[in-house]
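Note that my numbering has the sequence shown beginning at 121, numbered continuously upward.
Working notes, structure below.
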Amino acid sequence: MHHCNVERLFTAYLALNPDSEAEMRDWARAQRNANGTAGFPDGVWGPYLPFVNHAAGGRTFTARDSFLPSATLNFRFDDRPAAPPPRMREPPYLAFFGDVDVTKLKFPPTLYVFVFDGTAPFEPPKTSGTATALVAHANFAGFVSVFFIDKPGRPCENCLLGEAFDVEVDVTDALRRNRIDPRKAKLFVLAEDRERQLHPLADTGAPTPALVGPYLANSLATAADVVTAGLTNDGGNELAAGAPSVYAGREVITYRVDLSSLPTSLRNKDDSVLDDVSMAFAGWEAATGIDFERKDRGEVDVVLGFSNHSASNAYRFDGAGGALAKATSTSVLFDSAERWAVSGEAALAPADGADFWESVAFYLAPVAQHEIGHVLGLGHSEVASDVMAPYYHFGPKGAPPALTKNDVAAVRAKLGL
Ligand SMILES: [Zn+2]
Numbered sequence: 121m122h123h124c125n126v127e128r129l130f131t132a133y134l135a136l137n138p139d140s141e142a143e144m145r146d147w148a149r150a151q152r153n154a155n156g157t158a159g160f161p162d163g164v165w166g167p168y169l170p171f172v173n174h175a176a177g178g179r180t181f182t183a184r185d186s187f188l189p190s191a192t193l194n195f196r197f198d199d200r201p202a203a204p205p206p207r208m209r210e211p212p213y214l215a216f217f218g219d220v221d222v223t224k225l226k227f228p229p230t231l232y233v234f235v236f237d238g239t240a241p242f243e244p245p246k247t248s249g250t251a252t253a254l255v256a257h258a259n260f261a262g263f264v265s266v267f268f269i270d271k272p273g274r275p276c277e278n279c280l281l282g283e284a285f286d287v288e289v290d291v292t293d294a295l296r297r298n299r300i301d302p303r304k305a306k307l308f309v310l311a312e313d314r315e316r317q318l319h320p321l322a323d324t325g326a327p328t329p330a331l332v333g334p335y336l337a338n339s340l341a342t343a344a345d346v347v348t349a350g351l352t353n354d355g356g357n358e359l360a361a362g363a364p365s366v367y368a369g370r371e372v373i374t375y376r377v378d379l380s381s382l383p384t385s386l387r388n389k390d391d392s393v394l395d396d397v398s399m400a401f402a403g404w405e406a407a408t409g410i411d412f413e414r415k416d417r418g419e420v421d422v423v424l425g426f427s428n429h430s431a432s433n434a435y436r437f438d439g440a441g442g443a444l445a446k447a448t449s450t451s452v453l454f455d456s457a458e459r460w461a462v463s464g465e466a467a468l469a470p471a472d473g474a475d476f477w478e479s480v481a482f483y484l485a486p487v488a489q490h491e492i493g494h495v496l497g498l499g500h501s502e503v504a505s506d507v508m509a510p511y512y513h514f515g516p517k518g519a520p521p522a523l524t525k526n527d528v529a530a531v532r533a534k535l536g537l
């Protein structure tokens with residue numbers, strides 16, 4: 121028995137690999153009390169309250185129930201709470217540790233990552249400090265733990281036989297917070313061992329990380345990694361999972377753009393905004409045969425508008441960067457804290473000398489197109505080139521990119537076409 125989501129994965133794993141069940145039962149049987157004796161029913165960590173086996177008269181679960189199939193334990197999955205609306209996000213900057221090979225590591229490290237401006241003086245944190253002090257440091261960006269079992273005489277064979285893997289830390293917030301231009305940014309890393317001692321990265325055997333992200337030479341951390349990170353942020357929606365679209369069977373869907381909500385960056389660009397939104401609907405119209413009609417008055421199916429992150433509205437968005445927009449079946453909300461651009465406007469790569477984070481802007485049309493996919497009931501795709509991938513990307517001159525075969529097949533399935 122595991123935490124709920126792990127249990128779902130475990131159950132799915134056993135369904136695919138039924139021969140593993142005997143191995144898992146052996147492992148469960150081998151669980152002992154802390155003093156090394158067979159200690160059932162309490163097991164190493166005592167009873168797993170508040171979970172009880174109702175079908176077995178309220179017997180408590182213990183360590184020996186770990187790694188038993190859920191059907192054996194007589195419990196069912198409850199319904200999960202509804203997922204929050206998926207959000208399209210800006211592409212992240214990552215400290216990317218490529219090909220981490222645990223056989224080369226001296227200990228299982230927790231890696232604390234810092235970003236700093238390579239053209240300015242920087243006093244790095246010291247190994248004599250504590251992890252608490254590292255996290256409080258202004259340039260701290262995040263940490264990641266690389267876990268493996270290295271007990272002397274009892275190494276974990278699975279850990280040692282596994283392939284090298286990539287590890288990443290999202291440093292976008294720290295760059296933005298410290299107003300560091302990513303093109304001039306450098307990374308610094310300290311590692312903590314299990315005794316909470318700090319070490320320079322070079323003493324761990326872990327690779328030196330690269331900074332990857334938009335506007336950087338090495339912006340191609342594998343697309344798969346980037347998209348996986350996005351799915352994690354978003355609650356793991358799947359492209360065409362779940363119930364049919366609420367618009368199944370419709371020939372016409374009406375919409376309105378709330379022009380009164382346009383943020384400063386789009387003020388006096390009403391016509392361009394309407395053109396961009398119309399362009400965002402066009403691909404979906406071609407894929408589904410549905411007419412998307414703009415109606416400036418009266419009832420409509422979908423309202424598109426901008427919303428902020430203010431004292432009275434603190435939970436709606438996260439300020440500049442991060443989430444760009446979100447959608448339900450009847451609304452699309454864009455984050456008015458972003459700097460927005462309409463298609464055809466000049467390339468958005470921030471100029472040298474300008475404040476990088478002040479000049480980062482996002483084209484409206486591709487974000488609108490992605491959000492309309494959510495209106496129609498789609499989740500997120502794991503394929504980075506799909507319009508429904510969770511990270512912002514755009515076509516020539518800020519136009520929406522073409523829908524891919526995946527996008528088209530998914531929306532047609534959702535609508536029962
Ligand atoms: Zn999305």
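Where a beta carbon is used, it is the ideal one built from N, C-alpha and C, also for glycine.
From a predicted model like this one, the values you see are computed outputs, not experimental measurements.
- Your pair leucine 310 and leucine 321 checks out as a contact, with CB atoms roughly 7 Å apart and the cut at 8 Å.
- The beta carbon of histidine 513 sits no closer than 7 Å to any heavy atom of ligand 1.
- Taking 8 Å as the upper bound for CB-CB distance, serine 365 and leucine 523 are not in contact here, some 16 Å apart.
- Three or more Cβ pairs closer than 8 Å define a contact, and the segment 171-178 falls short of that threshold against the segment 403-417.
- Under the three-state reduction of DSSP output, histidine 174 falls in the helix class.
- Under the three-state reduction of DSSP, phenylalanine 187 is assigned to coil, being neither helix nor strand.
- With respect to valine 480, arginine 459 sits close: the two C-beta atoms are nearer than 8 Å.
- With contacts defined as CB atoms closer than 8 Å, phenylalanine 236 and phenylalanine 227 fail to qualify as a contacting pair.
- In the three-state reduction of the DSSP assignment, threonine 524 falls in the coil class, being assigned neither a helical nor a strand state.
- The closest CA to that of proline 302, considering only Arg532, His494, Leu394, Glu478, is found on Glu478.
- The DSSP assignment places complete alpha helix (DSSP H) segments of no fewer than 4 residues inside the segment 247-308 at 251-256, 277-281, 292-297, in order along the chain.
- Within the segment 219-244, complete beta strand (DSSP E) segments of at least 3 residues are found at 230-237, given in chain order.
- Relative to ligand 1, the beta carbon of proline 510 is positioned inside 7 Å of a heavy atom.
- DSSP, reduced to helix, strand and coil, places leucine 336 outside both helices and strands of the structure shown, so it counts as coil.
- The beta carbon of histidine 494 sits closer than 7 Å to at least one heavy atom of ligand 1.
- Inter-segment contact for the segment 447-463 and the segment 508-528 is present: three or more beta-carbon pairs are separated by less than 8 Å.
- Burial check for glutamine 489: the Cβ neighbour count within 10 Å reaches 16 or more, so the residue is buried.
- Under the DSSP assignment, leucine 484 falls in the alpha helix (DSSP H) whose first and last residues are 484-495.
- Beyond the five residues adjoining it in sequence on each side, lysine 389 comes within less than 6 Å, by CB distance, of Val462 in the same chain, given in chain order.
- Counting only the Cα atoms, proline 327 lies some 9 Å from leucine 225.
- For leucine 394, the enclosing alpha helix (DSSP H) starts and ends at 390-408.
- Each of Val264, Arg149, Asn298 was checked against the Cα of aspartate 286, and the nearest Cα belongs to Val264.
- Not one heavy atom of ligand 1 lies closer than 7 Å to the C-beta of arginine 316.
- The beta carbon of arginine 370 lies closer than 7 Å to those of Ile410 in the same chain, with the five residues before and after it left out.
- If you check the CB distance, aspartate 455 and alanine 445 come in under 8 Å.
- Serine 381 is positioned such that its CB atom lies no closer than 8 Å to that of phenylalanine 437.
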